[in-house]
Amino acid sequence: MLHQGPPEATISFILSVMWCLWKARNDHRFNANNWTTARVLHEAQATDAAGRLTILQDQPPARS
């Protein structure tokens with residue numbers, strides 16, 4: 002079967018960017034803090050990496 006669409010890792014990163022944009026918006030709106038583009042991307046990469054690590058840790062060990 003053909004798999005169409007972006008890989009799961011890409012979707013995960015896009016969702017992380019969207020989440021961090023929302024956090025940056027709220028931080029600006031409620032705390033008057035401005036995030037740079039670099040900070041948003043750095044936070045998104047960290048969020049995505051933490052999410053992937055959590056998923057890997059929650060998987061049962063492979064049987065041999």
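Quick note on numbering: the sequence shown equals residues 2 to 65 in my numbering. For every residue, glycine included, the Cβ atom is placed at its ideal position computed from N, Cα and C.
Among the options, the one whose alpha carbon lies nearest that of residue i
i	options	result
H43	L57, R64, M19, P61	M19
G52	I12, H29, N35, P7	I12
DSSP three-state assignment for residue i, whether helix, strand or coil
i	result
Q58	helix
T37	coil
R30	helix
A51	helix
Q46	helix
A25	helix
A10	helix
Residue i vs residue j beta-carbon contact at 8 Å
i	j	result
A45	F14	yes
V41	A25	yes
D1	S17	Since the first and last residues shown for the chain are 2 and 65, residue 1 lies out of range.
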